[in-house]
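A.B. asks: Numbering (this note's numbering), first residue to last: 13 to 612.
A virtual CB, placed ideally from N, CA and C, is assigned to each residue, including glycine.
Quantities reported herein were computed from a predicted structural model and do not represent experimental measurements.
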């Protein structure tokens, strides 16, 4: 059994960049296949490491990332399991990428002198709300079929034909122009003809490869086409063809919501009957394959943190638990897997939800961003990633509001709360970078106070992300630029129950931003120290590509368990110690403790 280490922290957990680098990301799709293999582990490492980012390897397995292209993950178990996993949601385009990467794994093994044979047990992996289906039918002449679509949401659909329509041209003989056409409900969705003339050429709605020669074989084929709109209505659809006189395989691929009934292709005489092959499994099963049935060392380094105790509505106490473990991030833990004690007394959990599926639960999120010129690269990443982050929050069903606080040497007022992610994206796109000097402090302290002062909803999860590459002014540093000390802001964060996520440099490293005087640093506020003092989350801004850091933050926001209980002791102004334990067969937990003071 796997051990999910649980570190309990008030307001938010301190997570180092090393911890985040070692974890598996929250996968949303994947592909696996069993194989018979012969592998020289060292030769495979030499070949794979030359073109991929090898995460770990030994005599039993190897893990690498396709870091130069998709950033998907490859898992090679030398006992015969090959897995590709992606943080992108499953659709038919992603299916193609996964298959391409799977064959890259096979090719890399073979190039290294290994052997892969007898492939079987293939599966795609989708989110719980999606199913991948495939219908395949062989044909050699025109047809008229019925396609029965069950009542479901069609996310993606494609019609594909393998095989080409061909004819032979004999010198002095009759010419039979090749071509093929496919119709859904009498509307042509796919087709192409080879038109004879000088020069010969293809014509149609979906022409693929073709070949023609006046005294040789001619052929033409069609490319896969999107048929989502054509089949999205439940019920019967007619699928017909014309111009077919050679062997083909017709395939219909559909990504849809789960249904009890299959998708069925049949003719009116019922002599042709093809049911969909449901070739997908939930992503939670993918985690089992890469974490339980194979010896990945990587899963032993996963950790978990409680990222907030909000006692601002005391005696109601809210605890936000983020467990940095694939099984937990997948939303597989339930209320039965958690137990809480306050001052040694067992506590009944009154409310419980997982933010990844938290329809209607409230989140108020503030982003405080350093707008000095040194943050230009990070601003570009923000433009690209914040939209994705907000879309994931909305897909989870959270009732979310957003605000932006800009700061450099001076902090602006927080923007008006908005639920519109496009408004948030536009606000970030419109940020104007100016000012700032290498090594000079900005005013993150004032920005956090601006964020805390916003009108948070009392029953919302309150979170503030501050992003900066410099230390911060604070009261007493000799500049008169700031009205607050670090200690005052830490106290205010705790009092308001606001979760702080600080993204900043590690100034304890002398090689980081050497323009910052280490002597003067003592007078300024270091965001790392502040996050740790506030029992908050600190992430090293120099530890990874900034886009990856934003992905990590998204995982925290949408992968958290929220627990609410009523303290049995309503006495104000007293210190309490809380124990939280996670215990699940797939995630056996440790317990840790934290103290908080009940509000007066």
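(1) Assign residue 314 to one of two classes, buried (16 or more other C-beta atoms within 10 Å of its C-beta) or exposed (fewer than that).
(2) Just to confirm, are residue 262 and residue 193 a CB contact at a threshold of 8 Å?
(3) Spatial neighbours of residue 504 within its chain, please: C-beta separation below 6 Å, excluding the five flanking residues on both sides.
(4) Between which two residues does the alpha helix (DSSP H) carrying residue 142 extend?
(5) Let me confirm a value: residue 455 is counted as buried when at least 16 other C-beta atoms fall within 10 Å, else exposed. Which label applies?
(6) Can you tell me which of 50, 97, 520 and 558 puts its alpha carbon nearest to the alpha carbon of residue 297?
(7) In whole angstroms, what is the alpha-carbon distance linking residue 125 and residue 387?
(8) Span of the alpha helix (DSSP H) holding residue 115?
(9) Could you check what DSSP says for residue 433 in three-state terms: helix, strand or coil?
(10) With a cut-off of 8 Å on the beta carbons, I'd call residue 73 and residue 90 a contact; round off their distance for me.
(11) Determine the direct distance from the alpha carbon of residue 551 to that of residue 354, and round the result to whole angstroms.
(12) I need the DSSP call for residue 481, collapsed to helix, strand or coil.
(13) Of the choices 118, 203, 362 and 85, whose alpha-carbon is the least far from that of residue 66?
(14) Mind the definition here: the stretch 469-478 touches the stretch 494-504 only if three or more C-beta pairs lie below 8 Å; say whether that holds.
(15) Using only the alpha-carbon positions, how far apart do residue 400 and residue 246 sit?
(16) Tell me which residue opens and which closes the alpha helix (DSSP H) that residue 503 is part of.
(17) Please work out which residues of its chain come closer than 6 Å, Cβ to Cβ, to residue 264, disregarding the five sequence neighbours upstream and downstream, and give them in chain order.
(18) Identify which residue in 94, 392, 588 and 200 has its Cα closest to the Cα of residue 115.
(19) Under 8 Å by Cβ, that's how I've got residue 497 and residue 487 pegged, so tell me the actual separation to the nearest angstrom.
(20) Where does the unbroken beta strand (DSSP E) through residue 160 begin, and where does it stop?
(21) When the Cα atoms are used, what is the spatial distance from residue 310 to residue 559?
(22) Just list the alpha helix (DSSP H) runs in the stretch 320-351, keeping only unbroken ones of 4 residues or longer that don't cross its boundaries, in chain order.
(23) Using beta-carbon positions only, say whether residue 509 and residue 322 come within less than 8 Å of one another.
(24) Taking only the alpha-carbon atoms, compute the straight-line gap between residue 273 and residue 358 and give it to the nearest angstrom.
(25) Going by beta carbon distance, what residues of the same chain come within less than 7 Å of residue 83, once the five residues before and after it are set aside?
(26) Please list the segments of the beta strand (DSSP E) lying wholly inside the stretch 37-87, counting only runs of 3 or more residues, in order along the chain.
(27) Please go through the same chain and pick out, in chain order, the residues whose beta-carbon is closer than 6 Å to the beta-carbon of residue 136, but skip the five residues on each side of it.
(28) Where does residue 95 sit, in a helix, a strand or coil, going by DSSP?
(29) Thinking C-alpha only, which one of 191, 166, 344 and 331 is nearest residue 178?
(30) Please name the residue, chosen from 121, 41 and 59, that lies closest to residue 50 on a Cα-to-Cα basis.
(31) Determine the direct distance from the alpha carbon of residue 424 to that of residue 402, and round the result to whole angstroms.
(32) Do you know how far the Cα of residue 344 is from the Cα of residue 268?
(33) For residue 609, which residues of its own chain have a beta-carbon under 6 Å away from its beta-carbon, when the five flanking residues on both sides are left out?
(34) Could you check what DSSP says for residue 534 in three-state terms: helix, strand or coil?
(35) DSSP on residue 514, reduced to helix/strand/coil?
(36) Just to confirm the assignment, what range does the beta strand (DSSP E) spanning residue 592 have?
C.D. replies: Looking at the coordinates:
(1) Summary for residue 314: the model assigns pLDDT 38, below 50, so the residue's position carries little reliability; its value from the coordinates is reported in the next sentence. Answer is buried; the Cβ neighbour count reaches 16.
(2) No, the pair does not count as a contact, with Cβ atoms beyond the cut-off.
(3) Excluding residues up to 5 positions away in sequence, 464 lie with their Cβ nearer than 6 Å to the Cβ of residue 504 in the same chain.
(4) Run containing residue 142: none; DSSP gives neither H nor E here.
(5) With 16 or more other Cβ atoms within 10 Å, it is buried.
(6) For residue 297, the closest alpha carbon among the candidates 50, 97, 520 and 558 is that of 97.
(7) Annotation: residue 125 to residue 387 spans about 47 Å, alpha carbon to alpha carbon.
(8) First-last of the alpha helix (DSSP H) with residue 115: 104-123.
(9) Helix.
(10) The beta-carbon distance between residue 73 and residue 90, rounded to whole angstroms, is 6 Å. This is short enough to meet the 8 Å contact definition.
(11) Their Cα atoms are separated by approximately 30 Å.
(12) DSSP places residue 481 in coil when its eight states are reduced to three.
(13) Answer by Cα proximity: 85.
(14) Two segments are said to touch when three or more pairs of C-beta atoms, one from each, lie closer than 8 Å; by this definition the stretch 469-478 does not touch the stretch 494-504.
(15) Here the alpha carbon of residue 400 sits roughly 31 Å from the alpha carbon of residue 246.
(16) Residues 498-508.
(17) The residues are 147 and 171.
(18) The shortest Cα separation from residue 115 among 94, 392, 588 and 200 belongs to 94.
(19) Confirmed, about 5 Å.
(20) Boundaries of the beta strand (DSSP E) harbouring residue 160: 156-161, taken from the DSSP string.
(21) Note that residue 310 scores 37 on pLDDT, short of 50, meaning its location in the model is unreliable; the coordinates nonetheless yield the value given after this. Those two C-alpha atoms are separated by around 22 Å.
(22) Qualifying alpha helix (DSSP H) stretches, in chain order: 338-341.
(23) Result yes, Cβ atoms of residue 509 and residue 322 sit closer than 8 Å.
(24) Cα-Cα distance, rounded: 46 Å.
(25) Sequence-distant partners of residue 83 (beyond 5 residues in either direction) whose C-beta falls short of 7 Å from its own C-beta, in its chain, are 77.
(26) As for any beta strand (DSSP E) of minimum length 3 sitting wholly inside the stretch 37-87, the runs are 41-50, 65-69 and 73-77, ordered along the chain.
(27) The answer, listed in chain order, is 43, 144, 291 and 292.
(28) Reduced to three states, the DSSP call for residue 95 is strand.
(29) Nearest option by C-alpha distance: 191.
(30) Between residue 50 and the set 121, 41 and 59, the nearest pair of CA atoms involves 121.
(31) Residue 402 and residue 424: Cα-Cα distance of roughly 23 Å.
(32) Rounded to the nearest angstrom, the two C-alpha atoms are 22 Å apart.
(33) Closer than 6 Å at the Cβ level, and outside the excluded window around residue 609, lie 587.
(34) Three-state DSSP puts residue 534 in coil, outside helix and strand.
(35) Strand, per DSSP.
(36) Looking at the DSSP string, the run of the beta strand (DSSP E) that includes residue 592 is 587-596.
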